[in-house]
Amino acid sequence: MPTADASLTMRLYSTKNTSRFVSLQQAVFKGLPEDNGLYMPEHLSHLPEGFVKKLKDYSFQEIGFEVCRHLFAGAIPDADIKGIIEKSITFPAPLVRLDDETFILELFHGPSLAFKDFGARFMAQLMSYFNQEEGRELVILVATSGDTGGAVAAGFYKTPGIKVVILYPSGKVSHLQEKQLTTLGENITAIEVAGTFDDCQALVKKAFLDEGLTSSIRLSSANSINIARLIPQSFYYFEAYKQLEEDGKPLVFCVPSGNFGNLTAGLFAKAMGLPIHRFIAATNANDVVPEYLESGVFTPRPSVPTLSNAMDVGNPSNFSRMLDLYGSTWNNLKKIIAGYAFSDEQTRFALKEVFEKYAYVIDPHGAVGYLAFRQFQKEHPGAKGVILETAHPSKFLPDVEAILQKKIDVPERLAVLAKKDKHAVQMGIEFGPFKEWLLQSF
Ligand SMILES: *Cc1c(COP(=O)(O)O)cnc(C)c1O
Numbered sequence: 004m005p006t007a008d009a010s011l012t013m014r015l016y017s018t019k020n021t022s023r024f025v026s027l028q029q030a031v032f033k034g035l036p037e038d039n040g041l042y043m044p045e046h047l048s049h050l051p052e053g054f055v056k057k058l059k060d061y062s063f064q065e066i067g068f069e070v071c072r073h074l075f076a077g078a079i080p081d082a083d084i085k086g087i088i089e090k091s092i093t094f095p096a097p098l099v100r101l102d103d104e105t106f107i108l109e110l111f112h113g114p115s116l117a118f119k120d121f122g123a124r125f126m127a128q129l130m131s132y133f134n135q136e137e138g139r140e141l142v143i144l145v146a147t148s149g150d151t152g153g154a155v156a157a158g159f160y161k162t163p164g165i166k167v168v169i170l171y172p173s174g175k176v177s178h179l180q181e182k183q184l185t186t187l188g189e190n191i192t193a194i195e196v197a198g199t200f201d202d203c204q205a206l207v208k209k210a211f212l213d214e215g216l217t218s219s220i221r222l223s224s225a226n227s228i229n230i231a232r233l234i235p236q237s238f239y240y241f242e243a244y245k246q247l248e249e250d251g252k253p254l255v256f257c258v259p260s261g262n263f264g265n266l267t268a269g270l271f272a273k274a275m276g277l278p279i280h281r282f283i284a285a286t287n288a289n290d291v292v293p294e295y296l297e298s299g300v301f302t303p304r305p306s307v308p309t310l311s312n313a314m315d316v317g318n319p320s321n322f323s324r325m326l327d328l329y330g331s332t333w334n335n336l337k338k339i340i341a342g343y344a345f346s347d348e349q350t351r352f353a354l355k356e357v358f359e360k361y362a363y364v365i366d367p368h369g370a371v372g373y374l375a376f377r378q379f380q381k382e383h384p385g386a387k388g389v390i391l392e393t394a395h396p397s398k399f400l401p402d403v404e405a406i407l408q409k410k411i412d413v414p415e416r417l418a419v420l421a422k423k424d425k426h427a428v429q430m431g432i433e434f435g436p437f438k439e440w441l442l443q444s445f
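In the working numbering, each residue's number is its place in the sequence shown (first place is 1) plus 3.
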């Protein structure tokens, strides 16, 4: 981390070059620095004294506002931050008690039923805000293998000045995922590509490199490593803390992880003064980070498929941000984060246990978190844990119903999708027709 200097307004550096800075606006539109590092806020200092002590007086939106105002340090006027928050933090993050030491933070109350809704909505609002100055329509291109596309589509839906084009591989996303992409309409267009996810990604990459396109259309991406997605994810750590009673027990947050964006956002909250004792990195068989915490050696490898498939990541993209925060030192990171990995068999068992003991239906990702917190408790008796429930169990309906041997409730917002009509533009894998379509459409 670079040392603080006198400049006030928020700036960001690349994890690969800590002495060259960009503005928040540049970081949001670029997504990734040219050097292939990741953008990090220059200052992650404590919020004003008293904020954490008085958290119970703040609504979730007010917490978001205070965190942003502190972090942005004048990059956006207060009244505008307020508008961005009011349009992006539109659903709650309630805490559910399992027992005196175990709590579940439900992050699935948004439109796509996963925590990614927070990041996608906030990024959409920030982009729309910064794009006003440009006076030109912005076209976001995204390739998706399923989940991210749904959150991005819902997050950007009806956002002024922004159109979204989502490419997905035909026949390779689930029925409900396809509905999430193809039924919104308005400023969201889905393209069904007769190919694989890699073909979709190749089309998007070629578009960004094509001067004929970039000179006539203002293109951007909605990359999952965009700093705008991490910032709102730090809000709900404060929101969880607010809902707990202070009892002197050391507080840990247990985070089911894939690319480690959620956990990194928790590290941001801690750096901004939230009294978090430790974090638990909970993974499935894709255990590169727990292995690193154990051995000090980071060995990325191809991912393996599991029951908790949103965490099937073999080379977690936010790992470099975690290292950067702790001076790239294994010992420092190990003090703050404990790591555990679990098999699908253990995950199934935990899902059943949570239902039988607490009458709570947890999803496979949350179940991995539950296992990790129980393991941590064995090694650290007396700890109080908040387990992040990253998705609604009905997103994984066939698996969850098979494990519990019972029907589970599907929220209305998911159930209505099944009845809506699909609209998608059909496309092959050649770049020419895709380019033509873009030029004619925008
Ligand atoms: C994306 C996702 C994760 C992993 O989150 P990261 O921030 O990538 O670690 C976990 N659970 C669910 C349901 C997800 O969609």
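A virtual CB, placed ideally from N, CA and C, is assigned to each residue, including glycine. Since we're looking at a predicted model, the values are computed, not measured.
Residue span of the beta strand (DSSP E) that contains residue i, given as start and end
{"i": "residue 429", "result": "428-430"}
{"i": "residue 275", "result": "It is not in any beta strand (DSSP E) - residue 275 carries neither H nor E in the DSSP assignment."}
{"i": "residue 20", "result": "20-26"}
{"i": "residue 44", "result": "42-44"}
{"i": "residue 166", "result": "165-172"}
{"i": "residue 195", "result": "191-196"}
{"i": "residue 67", "result": "Looking at the DSSP string, residue 67 is not in any beta strand (DSSP E); the run it does join, the alpha helix (DSSP H), is 63-75."}
{"i": "residue 17", "result": "14-17"}
Ligand 1 heavy atom lying under 8 angstroms from the CB of residue i
{"i": "residue 325", "result": "no"}
{"i": "residue 260", "result": "yes"}
{"i": "residue 78", "result": "no"}
{"i": "residue 126", "result": "no"}
{"i": "residue 316", "result": "yes"}
{"i": "residue 393", "result": "yes"}
{"i": "residue 179", "result": "no"}
{"i": "residue 1", "result": "Outside the displayed range of the chain (4 to 445) lies residue 1, so it cannot be described from this structure."}
{"i": "residue 264", "result": "yes"}
{"i": "residue 368", "result": "yes"}
{"i": "residue 289", "result": "no"}
{"i": "residue 321", "result": "yes"}
{"i": "residue 412", "result": "no"}
{"i": "residue 146", "result": "no"}
{"i": "residue 118", "result": "yes"}
{"i": "residue 402", "result": "no"}
{"i": "residue 331", "result": "no"}
{"i": "residue 311", "result": "yes"}
{"i": "residue 150", "result": "yes"}
{"i": "residue 338", "result": "no"}
{"i": "residue 398", "result": "yes"}
Close Cβ partners of residue i (< 8 angstroms) along its chain, the five nearest in sequence each way excluded
{"i": "residue 157", "result": "113, 114, 115, 120, 123, 124, 183 and 187"}
{"i": "residue 5", "result": "Confidence at residue 5 is low in this model, with a pLDDT of 44, below 50, so the placement of that residue should be treated as unreliable; the coordinate-derived value is given next. Excluding residues within five positions, the ones whose Cβ falls inside 8 angstroms are 16, 21, 22 and 45."}
{"i": "residue 9", "result": "Note that residue 9 scores a pLDDT of 43, beneath 50, so its modelled location is shaky and nothing firm can be said."}
{"i": "residue 79", "result": "27, 71, 87 and 132"}
{"i": "residue 315", "result": "261, 287, 289, 306, 307, 308 and 309"}
{"i": "residue 365", "result": "107, 353, 354, 357, 358, 373, 392 and 396"}
{"i": "residue 313", "result": "117, 150, 261, 368, 393 and 394"}
Residues near residue i in its chain [Cβ-Cβ closer than 7 angstroms; skip 5 each side]
{"i": "residue 416", "result": "114"}
{"i": "residue 139", "result": "221"}
{"i": "residue 67", "result": "88, 92, 235 and 238"}
{"i": "residue 7", "result": "Residue placement at residue 7 is flagged as unreliable, the pLDDT there being 42, under the threshold of 50; a coordinate-derived value is accordingly withheld."}
{"i": "residue 203", "result": "146, 170, 171, 172 and 196"}
N- and C-terminal bounds of the alpha helix (DSSP H) containing residue i
{"i": "residue 347", "result": "347-361"}
{"i": "residue 2", "result": "Here the chain comprises residues numbered 4 to 445, so residue 2 is not present and cannot be evaluated."}
{"i": "residue 388", "result": "Run containing residue 388: none in the alpha helix (DSSP H); it sits in the beta strand (DSSP E), 387-392."}
{"i": "residue 369", "result": "367-382"}
{"i": "residue 181", "result": "178-185"}
{"i": "residue 139", "result": "No alpha helix (DSSP H) holds residue 139; DSSP gives it neither H nor E."}
{"i": "residue 400", "result": "400-407"}
{"i": "residue 342", "result": "From DSSP, residue 342 is part of no alpha helix (DSSP H) but of the beta strand (DSSP E) over 340-344."}
{"i": "residue 151", "result": "150-159"}
{"i": "residue 434", "result": "434-444"}
{"i": "residue 323", "result": "322-328"}
{"i": "residue 418", "result": "415-418"}
Residues near residue i by beta carbon distance below 6 angstroms, same chain, minus five either side
{"i": "residue 1", "result": "Residue 1 lies beyond the range of the chain shown here (4 to 445); nothing can be said about it."}
{"i": "residue 280", "result": "253, 254 and 255"}
{"i": "residue 197", "result": "173 and 431"}
{"i": "residue 301", "result": "295"}
Cβ-heavy atom distance, residue i to ligand 2, below 8 angstroms
{"i": "residue 383", "result": "Of the ligands this structure carries, namely ligand 1, none is ligand 2."}
Subject >> Three or more C-beta pairs below 8 angstroms linking the stretch 393-412 and the stretch 295-305 >> reply: no
Original post:
What residue ranges within the stretch 277-320 form continuous alpha helix (DSSP H) runs of no fewer than 4 residues, ordered along the chain?
Top reply: Counting only runs of 4 or more, we get 291-298.
Original post:
Any contact of the stretch 384-392 with the stretch 236-251, i.e. 3+ C-beta pairs under 8 angstroms?
Top reply: With a cut-off of 8 angstroms, the stretch 236-251 and the stretch 384-392 count as touching, because enough Cβ pairs lie within range.
**OP:** Take every Cβ of the stretch 317-324, pair it with every Cβ of the stretch 263-272, and state whether three or more of those distances are shorter than 8 angstroms.
**Re:** yes
**OP:** Pair every Cβ in the stretch 33-52 with every Cβ in the stretch 340-350, then say whether three or more of these pairs are closer than 8 angstroms.
**Re:** no
Original post:
In chain order, which beta strand (DSSP E) runs of at least 3 residues are fully inside the stretch 81-131?
Top reply: Qualifying beta strand (DSSP E) stretches, in chain order: 98-102 and 105-109.
**OP:** Please determine if the stretch 201-218 and the stretch 423-442 are in contact, where contact requires at least 3 C-beta pairs separated by less than 8 angstroms.
**Re:** yes
**OP:** Could you name each continuous beta strand (DSSP E) segment of 3 residues or more that falls completely within the stretch 203-259, going from the start of the chain to the end?
**Re:** The qualifying runs are 221-224 and 254-259.
**OP:** Report yes or no: do three or more beta-carbon pairs, one from the stretch 91-105 and one from the stretch 50-66, lie closer than 8 angstroms?
**Re:** yes
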